[in-house]
Amino acid sequence: MATKKIAGVDVQVNEEGFLTNPAEWNKEIAVELAKEEGIELTDAHWKVIEFCRSAAAVKGAAPTLRSITNGSGVSTKDLFALFPKGPAKKVAKISGLGKPEGCV
Amino acid sequence: MSEEPRKIAFICSKGNLDMVYPALVMGWAALGNGIDVTIFFTFWGLDMINKARVDHLEIPPIANTSMKMNMMGVPGYIGIPQIMGIIPGMTAFASALMKKKMKGLEVPTVREYLEMLVDAGANLYACKMSVDMFDLKKEDFVDGVKDIVTAGDFMDMTEGAQIVFI
């Protein structure tokens, strides 16, 4: 386990750069993590991130892509356009959660 | 991460319910991880993209040694006598059971899975030889099937890809 300074805050991250404690996450950290992935966050991105945060708070794990599209109303097409080249990990990472558990 | 994105191609040659899901599940996982996905449907695999067939895929209990009666709630691993498999309705029964199980796990239907894959950027193609053999046309296929291509075309478009035959 390593410590990384993101947006001026020391947070615990795993070897892939995922935050290991979702409680250490904040919006500034999300902006920084998104930049690392080459993504400039817009309202549409925040809708997805906020959905993931609340879903994870209830279930204890990052939601799968299908639960994001079903639950947030963001279509599959839009989700893949907002977080190109591998939304599964990118969304979870920017939202300060672990990798989604589940195959769909 | 390397410059060239990883590519994976699935060849779907079966239409039985248990054989159609692997490519859908792995293809979806691949797209979620940023991997380029191409799926080539050939022979019985064309049932997966045939509008008239996609919602009616089945699994027969005959000659399926792994299908045991515990699926129906009978404890242990008691087999289904093969002679029962020939009773009319047994295939429909087994198929309905499996679909119910999958629905309970929130697994999408084959039709919905294909839509998700297409929306996420997967490239779907039908095999020309099989299409000709079954007298099918592009209009017979679900939306998102890009084209009917030859085996040679498939080889060209999957250069550098990892290929999985199902």
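Quick note, the sequences are listed as chains H and W, same order.
If you read the first sequence in the working numbering, its first letter stands for residue 1, the second for the next number, and so on.
If you read the second sequence in the working numbering, its first letter stands for residue 105, the second for the next number, and so on.
Positions of the beta carbon are idealized from the N, C-alpha and C atoms, including for glycine.
For residue 251 of chain W, the secondary structure class from DSSP, reduced to helix, strand or coil, is strand. If one requires a minimum length of 4 residues, the alpha helix (DSSP H) runs lying completely within the segment 62-98 of chain H are 65-72, 76-82, 87-94, in chain order.
If you draw a straight line from the Cα of residue 173 of chain W to the Cα of residue 226 of chain W, it is about 37 Å long. The CB of residue 132 of chain W comes closer than 7 Å to the CB of 104 in chain H, given here in chain order.
In this structure, residue 268 of chain W places its C-beta atom within 8 Å of the C-beta atom of residue 114 of chain W. Counting only runs of at least 3 residues, the segment 134-188 of chain W fully encloses the following beta strand (DSSP E) elements, listed from N- to C-terminal order: 140-145. Proximity of residue 22 of chain H to chain W, defined by a Cβ-Cβ separation below 8 Å, is not satisfied. For a cut-off of 8 Å, the C-beta gap from residue 186 of chain W to residue 166 of chain W is around 6 Å, short enough to register as a contact. Bounds of the alpha helix (DSSP H) holding residue 235 of chain W are 232-237.
Using a CB distance cut-off of 8 Å, residue 19 of chain H does not count as an interface residue toward chain W. Neighbourhood of residue 80 of chain H in chain W, by CB distance below 8 Å: 135, 223, 224, 225, in chain order. Taking C-beta separations shorter than 7 Å and ignoring five residues to either side along the sequence, the partners of residue 261 of chain W in its chain run 142, following chain order. By alpha-carbon distance to residue 82 of chain H, the top candidate from H/19, H/65, H/12 is H/65. If you check the CB distance, residue 76 of chain H and residue 223 of chain W come in under 8 Å.
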